[in-house]
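There are 2 protein chains.
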Amino acid sequence: MCHHDSHDSNHNCCSPPSGRIRGFIQPWLLLLLSEEAAHGYQLTDKLNRNEDTKGIDPGFLYRTLRQFEEDGLVKSSWDTEGSGPARRIYEITPDGVEFLHAWAEHIQNTRKRLGRFLKAYSSRFKPHET
Amino acid sequence: MCHHDSHDSNHNCCSPPSGRIRGFIQPWLLLLLSEEAAHGYQLTDKLNRNEDTKGIDPGFLYRTLRQFEEDGLVKSSWDTEGSGPARRIYEITPDGVEFLHAWAEHIQNTRKRLGRFLKAYSSRFKPHET
DNA sequence: GTCATCTATATGAATAAAACATATAATAGA
DNA sequence: TCTATTATATGTTTTATTCATATAGATGAC
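Residue numbers (the numbering used here), protein chains in the order written: chain A, -11 to 118; chain B, -11 to 118.
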């Protein structure tokens, strides 16, 4: 919801929340890490190739990964081989996989809740559609 | 994501975000108001009867309604008739209906995005299910 | 050889939605 | 008159995310 001043004319208020969904990047990160270990910059790349997850803030990414590690969902090690600066390689842990399953279930529930809203909405505004 | 201290043992960390979905109450409010005008306390009641929307914070509710009015999505008038303290009756405006449509579309998109995550998740962990 | 660019990680501060806590007041009933 | 119920409202805090910026090694251009 916007909170502009009343004198702020010609504003683009009154549009639904922006594209990002809260708590949506995290399960994607875990899912990607469940496929193979990776470092932050690599993950940024992969996320940017997906229309649904592109444009991630690097600050958010790296902080999220550190938080995951603090929570035991991933573990990291430095990779100094190869060119360029050192990379912190993240691997998912069994706890991380378990967490991913729980998060997927949560997302499924969320999806159902959105579906129930849409059903109520449709029966109000589009009662004759199939 | 939780941010407890390390000494905070026996915590219930590492569970996906809580039940609430951001920007989910608002479209329900507009949908309810599109069915019939109502005051805040009534809306609280209706929301509490729905498993998906129950437990709303009154502070949040009333502030949201005032914000809607500031944004031209609803208009209000005092109802002093009947028993009990005065009620502020909210009616949805044409702009509010339009906004509800936009929000419903946004929710549909969100639902699709969640579906795409779940599809990727399933193909990683449940590739043999139908 | 030093200057700019790319790769890579990191942190401080700001923002905004939602939650938490509490205040106010009219009325009804015990 | 004291308490509970209905009803609205506001001050403060929390939290996730975004914005801004810092750091530094490696690489290629000139």
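Every residue, glycine too, gets a C-beta built ideally from N, C-alpha and C.
Remember, predicted model here, so these are calculated numbers, not experimental data.
Amino acids of chain A, ordered along the chain, whose beta-carbon sits closer than 7 Å to that of Phe48(B): Chain A residues near Phe48(B): none, gap ~11 Å exceeds 7 Å.
Residues of its chain near Gly84(B), where Cβ-Cβ distance is below 8 Å and the 5 sequence neighbours each way are ignored: Leu18, Leu21, Ser22, Phe56, Gly60, Leu61, Val62
Under 8 Å (Cβ pairs) to chain A, residues found in the segment 43 to 69 of chain B: Thr52, Gln55, Glu58, Asp59, Gly60, Leu61
Cross-strand partners of Ile80(B) (DSSP beta bridge): Val62(B)
According to DSSP, residues forming a beta bridge with Arg112(A): DSSP lists no partner for Arg112(A).
Positions along the segment 8 to 25 of chain B whose CB lies within less than 8 Å of some CB in chain A: Ile9, Arg10, Gly11, Phe12, Gln14, Pro15, Trp16, Leu19, Ser22, Glu23
Close-in-space but distant-in-sequence residues of the same chain around Trp91(A) (CB under 6 Å, 5 per side omitted): Pro15
For Asp33(B), the three-state DSSP class (helix, strand or coil): helix
Residue closest to Arg112(B), alpha-carbon to alpha-carbon, out of Phe12(A), Ile9(A), Arg8(A), Glu24(A): Glu24(A)
Cα-Cα separation between Lys107(A) and Thr98(B), rounded to whole angstroms: 15 Å
Local Cβ density within 10 Å of Phe105(A), reported as buried at 16 or more and exposed below that: buried
Residue of Tyr109(B), Pro115(B), Gly103(B), Glu93(B) minimising C-alpha distance to Phe12(B): Glu93(B)
Distance, Leu102(B) Cα to Arg34(A) Cα: Here residue 34(A) turns out to be Lys, not Arg, going by the sequence shown. Looking at the two C-alpha atoms, the distance is approximately 18 Å.
Per-residue DSSP class, three states only, for His(-5)(A): Note on His(-5)(A): pLDDT 35, under 50, position unreliable in the model; the coordinate value appears next. DSSP places His(-5)(A) in coil when its eight states are reduced to three.
Pairwise C-alpha distance: Gly70(B) and Ile77(B): 13 Å
Span of the alpha helix (DSSP H) around Ile13(B): 13 to 23
Short CB-CB distance (under 8 Å) between Thr32(B) and chain A: no
Counterpart residues of Asp67(B) in DSSP-defined beta bridges: Arg75(B)
Which listed residue (Gly28(A), Asn36(A), Gly7(A), Ile9(A)) has its alpha carbon closest to that of Arg54(A): Gly28(A)
Contacts that Pro73(A) makes with chain B (C-beta to C-beta distance below 8 Å): Correct list: empty, because the minimum Cβ distance to chain B is about 27 Å.
Burial state of Phe48(B), where buried means 16 or more other Cβ atoms lie within 10 Å: exposed
Residues near Leu31(A) in its chain [Cβ-Cβ closer than 7 Å; skip 5 each side]: Leu17, Leu20, Leu49
Rounded separation between Phe87(B) and Pro115(B) - CA only: 40 Å
Residues that His27(A) bridges to, as DSSP identifies them: Ile77(A)
Backbone CA spacing between Ala26(B) and Glu79(B) [nearest angstrom]: 7 Å
Member of Arg10(A), Gln96(A), Ala74(A), Thr68(A) whose CA lies at the smallest distance from the CA of Ile44(A): Arg10(A)
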